[in-house]
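*Asks:* Residue numbers (our numbering): 38 to 194. Before I ask anything, here is the structure I am working with.
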Amino acid sequence: DIERDISGQPADVRHAARQKFSQPKVEAFFAWSEQQLLRIPGKSNLAKAFRYGLNRQKAFSLFLTDGRVAIDNNPAERALRPIGIGRKNWLFAGANTGAETLARAMTIIETAKLNGLDPQAYLADILDRIHDHKINRLDELLPWNWTPMAMQNSQAA
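Following this line, the structure appears as structure tokens:
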């Protein structure tokens, strides 16, 4: 499997491998799809499925143009899984505003997890700091930029 072989490699290595191995396969697939579309009834569900893929060819091929782009969004799908599992529990969030607040909180927690953080430590730290943090530097508190205050204090000393 091409993606398995290049997993963890630098973006330029991934891009080169995709150009060499994946791009011909992707091009062949879309050419085959166009041929199949000519052979099946235009209003059938199968034709709709082929048109769906062909209309999104650019998006489906994005991973070929940039080695930083993942071929799939499995990490995001896995992060959303607990939300889907707890869907019946969310019925008791109260009003719509309660559900929206819950969705925002879950987004922050899952994003922290995706960035390898302990969500409880992350939230405790940013909630302590956000009140006095300069508004033009709020991006420092985002999960992918965050440095714990304790670590900042030890580096400053």
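Every residue gets a Cβ at the ideal spot worked out from N, C-alpha and C, and that includes glycine.
1) Report yes if the C-beta distance between residue 149 and residue 180 is below 8 Å; otherwise report no.
2) Compute the distance between the beta-carbons of residue 109 and residue 52, then report whether it is under 8 Å.
3) On the criterion of 16 or more Cβ atoms from any shown chain inside 10 Å, does residue 118 qualify as buried, or is it exposed?
4) So the candidates are 40, 114, 184; which of them puts its Cα closest to the Cα of residue 60?
5) Compute the beta-carbon to beta-carbon distance between residue 94 and residue 67, rounded to the nearest angstrom, for a pair I have assumed lies under 8 Å.
6) In chain order, what residues of the same chain have a beta carbon less than 7 Å from the beta carbon of residue 156, not counting five sequence neighbours either side?
7) Smallest Cα separation from residue 163: which of 63, 71, 177, 152?
8) Give the DSSP-derived three-state secondary structure of residue 52 in the structure shown.
*Replies:* With the given structure in hand:
1) For residue 149 and residue 180, yes; Cβs fall inside 8 Å.
2) For residue 109 and residue 52, no; Cβs fall outside 8 Å.
3) Residue environment for residue 118: exposed (fewer than 16 other C-beta atoms within 10 angstroms of its C-beta).
4) Among 40, 114, 184, the Cα nearest to that of residue 60 belongs to 40.
5) Contact flag correct, Cβ pair sits at about 6 Å.
6) If we look at residue 156 and ignore the five residues flanking it on each side, its Cβ neighbours are 146, 149, 150.
7) If you compare the alpha carbons of 63, 71, 177, 152 with that of residue 163, the shortest gap goes to 177.
8) Residue 52 sits in a helix when the DSSP states are folded into three classes.
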